[in-house]
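Student:
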Amino acid sequence: MAAGAARSCAPGYLLSLPLELQLRVLEGLGGQDLCAVEASCRDLRRLVAGNTHLYQLALVEDFRCTLAAAPPSINWKAQYVDMFIRARLKTLEQHQRVCQVLKERLDELDDLLGDADDVRQVLGAPELLTSEPCLVLAIVGNMEQEALQQRWDASQDLLMAESKLRVVQAEMQDLLARIPRYWWPAALQTAAAWGYAPA
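Numbering-wise (my numbering), the sequence shown opens with residue 17 and increments by one.
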């Protein structure tokens with residue numbers, strides 16, 4: 017509720033409230049909303065920067081994590097960004113895994129269709145056209161049709177998965193491009209090693 021209220025209020029309205037109420041509103045925001053508030057005006061940016069516990073609260077709320085004892089000088093906003101990047105990398109990895117599984121499934125179906133062709137060539141020889149091979153050919157034909165349908169479905173799923181993957185990759189690239197390099201902790205360095213560093 018606090019997040020919705022903050023988004024609907026102009027910066028001047030929020031700043032007109034007593035400091036205690038300003039902080040109560042900000043304490044109800046998630047990390048992404050805090051970033052948006054900071055970007056709205058200089059005074060709000062100073063207010064958020066002067067109350068570093070806001071990103072600490074957002075870190076616990078958004079990611080349900082338990083924070084160990086930390087030195088007073090810790091940059092909670094940088095910690096939030098680090099965790100946010102880690103979550104996006106995990107999502108990216110999941111999309112990549114889905115694409116890989118679908119590609120492997122397509123390879124399996126291609127092998128199955130190739131085997132069906134081999135069986136048809138062997139059993140379709142004139143000297144083997146007895147009742148039993150013909151029955152086998154019919155079974156193989158039915159299996160082939162089913163495999164073709166499965167291959168079509170898998171190929172469509174792969175196209176959709178690759179499209180989603182490209183969107184996530186673009187979001188990651190855009191996100192990293194907006195992160196100051198002096199904030200790059202281990203997670204962002206890992207992302208850069210994966211090829212997602214800004215140019």
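For every residue, glycine included, the Cβ atom is placed at its ideal position computed from N, Cα and C.
Is it buried or exposed, LYS93, if we count other Cβ atoms within 10 angstroms and call 16 or more buried?
Tutor: Here residue 93 refers to the residue found at position 77 when the sequence shown is read from its first residue. LYS93 should be labelled buried.
Student: Near GLU160, what residues of its chain come up, given a Cβ to Cβ distance below 6 angstroms and the 5 sequence neighbours on each side ignored?
Tutor: For the purposes of this step, residue 160 is identified with residue 144 of the sequence shown, where counting begins at 1. Exclusion of the five residues before and after GLU160 leaves ALA132 as the residues of its chain whose Cβ lies within less than 6 angstroms of its Cβ.
Student: Measure from the alpha carbon of GLN185 to the alpha carbon of each residue in LEU105, LEU31, PRO196 and GLU77, then state which is nearest.
Tutor: In the sequence shown, the residue the question calls residue 185 occupies position 169. The residue with the shortest Cα to Cα distance from GLN185 is LEU105.
Student: Does DSSP classify GLY157 as helix, strand or coil?
Tutor: Locating residue 157 in the sequence shown gives position 141, counting from the first residue. Here GLY157 sits in helix by DSSP.
Student: Under the rule that 16 or more other beta-carbon atoms within 10 Å means buried, what is VAL76, buried or exposed?
Tutor: By 1-based counting over the sequence shown, the position of residue 76 is 60. Exposed is the call here.
Student: Going straight from the alpha carbon of GLY44 to that of PRO34, what length do you get?
Tutor: Looking up residue 44 in the sequence shown gives position 28. Looking up residue 34 in the sequence shown gives position 18. Computed Cα separation, rounded: 16 angstroms.
Student: Should the stretch 168-188 be called in touch with the stretch 108-115, which here means at least 3 C-beta pairs below 8 angstroms?
Tutor: yes
Student: When the Cα of GLY47 is compared with those of ASP98, LEU37, SER89 and GLY28, which residue comes out closest?
Tutor: Taking the sequence shown and counting its residues from 1, the one referred to as residue 47 is at position 31. Among ASP98, LEU37, SER89 and GLY28, the Cα nearest to that of GLY47 is on ASP98.
Student: Tell me the DSSP secondary structure of SER179 in three-state form.
Tutor: The count along the sequence shown starts at 1 and reaches residue 179 at position 163. Three-state result, SER179: helix.
Student: What do you get for VAL64, buried or exposed, if any count of 16 or more other CB atoms within 10 angstroms of its CB means buried?
Tutor: The count along the sequence shown starts at 1 and reaches residue 64 at position 48. By the 10 Å Cβ count, VAL64 comes out buried.
Student: Among residues of its own chain, excluding the 5 on either side of PHE79, which ones have a beta-carbon nearer than 6 angstroms to its beta-carbon?
Tutor: On the sequence shown, residue 79 is found 63 positions in, with the first residue counted as 1. Hits under 6 angstroms: MET99.
Student: If we count the other Cβ atoms within 10 Å of its Cβ and call it buried at 16 or more, is GLN95 buried or exposed?
Tutor: Counting from 1 along the sequence shown, the entry for residue 95 is found at position 79. So GLN95 ends up on the buried side.
Student: Check whether the Cβ atoms of SER171 and LEU128 lie closer than 9 angstroms to each other.
Tutor: Stepping through the sequence shown from its first residue, residue 171 is reached at position 155. Stepping through the sequence shown from its first residue, residue 128 is reached at position 112. The answer is no: Cβ separation not under 9 angstroms.
Student: How many Å lie between LEU164 and LEU125 at the Cα?
Tutor: Against the sequence shown, residue 164 aligns to sequence position 148. Against the sequence shown, residue 125 aligns to sequence position 109. The straight-line gap from Cα to Cα measures roughly 8 angstroms.
Student: Below 8 angstroms on the Cβ atoms is my guess for LEU50 versus LEU70; work out the distance and round it to an integer in Å.
Tutor: Taking the sequence shown and counting its residues from 1, the one referred to as residue 50 is at position 34. Taking the sequence shown and counting its residues from 1, the one referred to as residue 70 is at position 54. 6 angstroms between Cβ atoms; contact.
Student: Take CYS115 as the anchor and find which of PRO196, LEU30, LEU191 and ARG182 has the nearest alpha-carbon.
Tutor: In the sequence shown, the residue the question calls residue 115 occupies position 99. Among PRO196, LEU30, LEU191 and ARG182, the Cα nearest to that of CYS115 is on ARG182.
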